[in-house]
Amino acid sequence: MTSAPKKASVLVADTAAFIKSGIRLDALADEVVTIAEVVREVRDHNARANLALAVALADVKTRLPSDEAVAAVSAFARKTGDLHVLSTTDLRVLALTWMLEKERNGTSHLRTEPFRPQQHVAKNSK
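Residue numbers (this note's numbering): 7 to 132.
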């Protein structure tokens, strides 16, 4: 007999999670959180109705990422070269994730500098 997979304590969802998943997100985590911009981005009629109901029933909570979180994520994305390809909504979803991680576990384990690419040299390359 297999046991049910362990649920995450929190899941931060972007727009695609509500449009494409077909999965009840509350089955994956104790708490499902997103930002208001994601709720506004959902255009599919059925997905929008399901999301509106989930928000109304508090199955999905909306939170506002802190300015500190937006600054931290933006700074990291700038260092990786990703800032120009991330939408404002993308940055704010990432910032919400950063903020929730800070609230639960602090930030000492979060990177502030990206990994440097490693150059691999093949052995015996004669």
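Using N, Cα and C, we set each Cβ at its ideal position, and we do this for glycine too.
A quick note: this is a predicted structure, and the numbers were derived from the prediction, not measured.
| Asked | Found |
| --- | --- |
| Segment limits, alpha helix (DSSP H) that includes V76 | D73 to T86 |
| Residues near E47 by beta carbon distance below 7 angstroms, same chain, minus five either side | T21 and T95 |
| Assigned secondary structure, E119 (DSSP; H/G/I helix, E/B strand, else coil) | coil |
| Beta-bridge partners of E37, as assigned by DSSP | V16 |
| Where K67 sits in the DSSP three-state scheme | strand |
| Backbone CA spacing between R98 and V76 [nearest angstrom] | 6 angstroms |
| Where the alpha helix (DSSP H) containing R110 begins and where it ends | T94 to N111 |
| C-alpha gap between H115 and T103, whole angstroms | 14 angstroms |
| Residue from R30, V44 and E37 whose Cα sits closest to the Cα of S93 | V44 |
| contact_flag[the region 50 to 64, the region 72 to 88] where n(CB pairs < 8 angstroms) is 3 or more | no |
| Start-to-end residues for the alpha helix (DSSP H) that takes in L59 | H51 to A62 |
| Assumed close pair L106, V38 - CB separation to whole angstroms, cut-off 8 angstroms | Not quite, the Cβ-Cβ distance comes to about 12 angstroms (not below 8 angstroms), so this is no contact. |
| Distance between beta carbons of P123 and T86, contact taken as under 8 angstroms | Not really, about 11 angstroms apart at Cβ, beyond 8 angstroms. |
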